[in-house]
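Some notes on the structure that comes next.
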Amino acid sequence: MTRRLGIWAAMAVIAFGTLSFELPSEINSDVLAQKTAGDELLGVWEPSNGRARVKIDRIGTKYYGRIVWLLEPNDPETGEPKTDINNPDAALQDVPLKGYRMLKDFVFQEDGTWTEGTIYDPLSGSTYNCVIKMTDENTLDIRGYIGVQALGRTDVWKRLAMPKR
Amino acid sequence: MLEHDGGDQLVEFHSIPTKLRRSPAAVARQNPTRVLIICTTIPLRHFARGALSSTRKPQNMQHLRPQTWLPFVIFSLAFIGCSGPETVHEYKVENLEIVLAGPLFEGPNAGQFELTLDIPGALGDAYAPGMKVADARLQRAEVSAGDSLGFAQVRSFVLSFASDNEAVAMEEAAFVNPLPEGLERVALNVAPEAELGPHAAEEKLYVVLDVDLSEDFWDGDRLFLLNFELSLTLQSKR
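Same order as they appear, the protein sequences are chains W and P. Everything in the first sequence is counted per this note's numbering, starting at 1 for the first residue and increasing by one. Everything in the second sequence is counted per this note's numbering, starting at 166 for the first residue and increasing by one.
See the structure below:
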């Protein structure tokens, strides 16, 4: 009887031992699959003028940045939250500016930059081509341009720590 | 009406009576790029001749003779003629579950759903090989609460469509701001100019719902249900 129990116990150890090795590897592979190259861009960033904060997240394989904080969230004339009044599409001019995606459709490249995207200037309603380069883990060079990169302007954005409970 | 499964969602597909011979205005609405070709051909020609011949008197309208612009018009019409007939269909997606994974912070929070439009499957016998999406517009969008919290703390909704394709840019298509109080279901204001054809032509697209919250929310997730209806213009291969 003792011998049988010992065999069952050994089998259980082998079985659970195997499971205990397999499960973490499956979980790890899932986690790795979800986290892709280029995700170091994720986070909350502040442009050099300090008037807004932009949270960059990923949808599918592309990166997008939403305005999550505004120094002046309300229109000084109306006192109401600012909306995208300069949007070329009149039907979208009442979309709240807070939450607006001003960075769109960035694709991570092997050279460590994020390209193919656009940056939107809510003050003018203009959209520019844009390339993002991370100079260190807390600093971004955001270059907006028209046509060729040489005809553009670079702004330096700094990473902000996420709030904790 | 045909139906097919889209996972847990109900997807309906309606075929609208076909207009095989459509008016130029209808063609213009559905094919803005091509119409642009027609409209810009003559003025560009006019401009080019004017710019190159500085001695030409303004009243000299010789360059507007038919033999000057007719070839361009013929070329443009031939370009349109090569395209197959178009049919318009309604594509309804119902009860799309958009989850906002907590913790959520005051301000905008995004939920997304990866959606596959199975047009051949939905169209069934009406589908012909080679059919492609020529245009897609959002006709209607509606959000309802998927949990007991309802629309508590919600200030606005913005609905967008995105794709993994580098050539397809994210497009905002509908919103409601501010959200009226006391509702359990709200119809979004649709932007009729939002071109969703490139998104609908992809195998999969991302439906993104931005929810602006008035307070932090630490206790779990929030669930919203989205219904929307696309008007799809499908072009057959001639």
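Cβ coordinates follow ideal geometry from the N, Cα and C atoms, glycine included.
Chain-order list of residues whose beta-carbon lies under 7 Å from that of residue i (same chain, five-residue window excluded)
i: Val148/W; result: none
i: Asn354/P; result: Ala339, Phe340, Val341
i: Pro96/W; result: Pro81, Thr83
i: Lys62/W; result: Asp105, Phe106, Val107
Span of the alpha helix (DSSP H) around residue i
i: Ile284/P; result: 284-288
i: Gly362/P; result: 362-365
Element boundaries [beta strand (DSSP E), containing residue i]
i: Gly79/W; result: First-last for Gly79/W: undefined, no H or E at that position.
i: Ala339/P; result: 336-341
i: Ser328/P; result: Segment: none, Ser328/P is in no beta strand (DSSP E) and carries neither H nor E.
i: Gly65/W; result: 62-70
i: Thr139/W; result: 139-145
i: Gly152/W; result: 152-160
i: Asp58/W; result: Going by the sequence as given, residue 58/W is Arg instead of Asp. Segment 52-59, the beta strand (DSSP E) holding Arg58/W.
i: Gly99/W; result: Neither: Gly99/W is in no beta strand (DSSP E) and is coded neither H nor E.
For residue i, the residue or residues it bridges with in DSSP
i: Gln277/P; result: Val373/P
i: Gln400/P; result: Glu251/P, Lys297/P
i: Tyr120/W; result: Thr127/W
i: Trp383/P; result: Its beta-bridge partners do not exist; DSSP assigns none.
i: Ile132/W; result: Trp114/W, Ile142/W
i: Ser321/P; result: Asp377/P
i: Ser309/P; result: Arg350/P, Leu390/P
i: Ile263/P; result: Phe389/P
i: Phe106/W; result: Tyr63/W
i: Lys35/W; result: Looking at the DSSP assignment, Lys35/W forms no beta bridge with any residue, so it has no partner.
i: Asp272/P; result: Per the sequence shown, residue 272/P should be read as Gly rather than Asp. According to DSSP, Gly272/P bridges with Leu378/P.
i: Val148/W; result: Note: Val148/W sits in no beta bridge, so no partner.
Buried or exposed by the 16-neighbour rule on C-beta atoms within 10 Å, applied to residue i
i: Arg51/W; result: exposed
i: Ser328/P; result: buried
i: Lys369/P; result: exposed
i: Ile263/P; result: buried
i: Val54/W; result: buried
i: Asp111/W; result: exposed
i: Ser48/W; result: exposed
i: Lys98/W; result: buried
i: Thr139/W; result: exposed
i: Asp300/P; result: buried
Close-in-space but distant-in-sequence residues of the same chain around residue i (CB under 8 Å, 5 per side omitted)
i: Pro88/W; result: Gly125
i: Leu92/W; result: Asp84
i: Val68/W; result: Val44, Arg53, Val54, Lys55, Lys98, Gly99
i: Leu160/W; result: Gly43, Val44, Trp45, Glu46, Arg53
Expected contact under 8 Å - CB spacing of residue i and residue j to nearest Å
i: Leu280/P; j: Val258/P; result: 7 Å
i: Asp312/P; j: Arg387/P; result: 7 Å
i: Val372/P; j: Gln277/P; result: 7 Å
i: Asp384/P; j: Pro273/P; result: Contact doesn't hold; Cβ gap of about 19 Å is too wide.
i: Ala365/P; j: Leu390/P; result: The Cβ separation is near 21 Å, so there is no contact.
i: Glu367/P; j: Val319/P; result: Glu367/P to Val319/P, Cβ: 29 Å. No contact.
i: Ala275/P; j: Asp136/W; result: Not a contact, Cβ separation roughly 27 Å.
Cβ neighbours of residue i in the same chain (closer than 6 Å, five flanking residues each side left out)
i: Asp75/W; result: Lys82
i: Lys133/W; result: Thr113, Asp141
i: Asp381/P; result: Phe270, Glu271
i: Gln304/P; result: Glu394, Ser396
i: Gly168/W; result: Residue 168/W lies beyond the residue range present for chain W, which begins at 1 and ends at 165; the question has no answer from this structure.
i: Lys402/P; result: Gly249, Gly295
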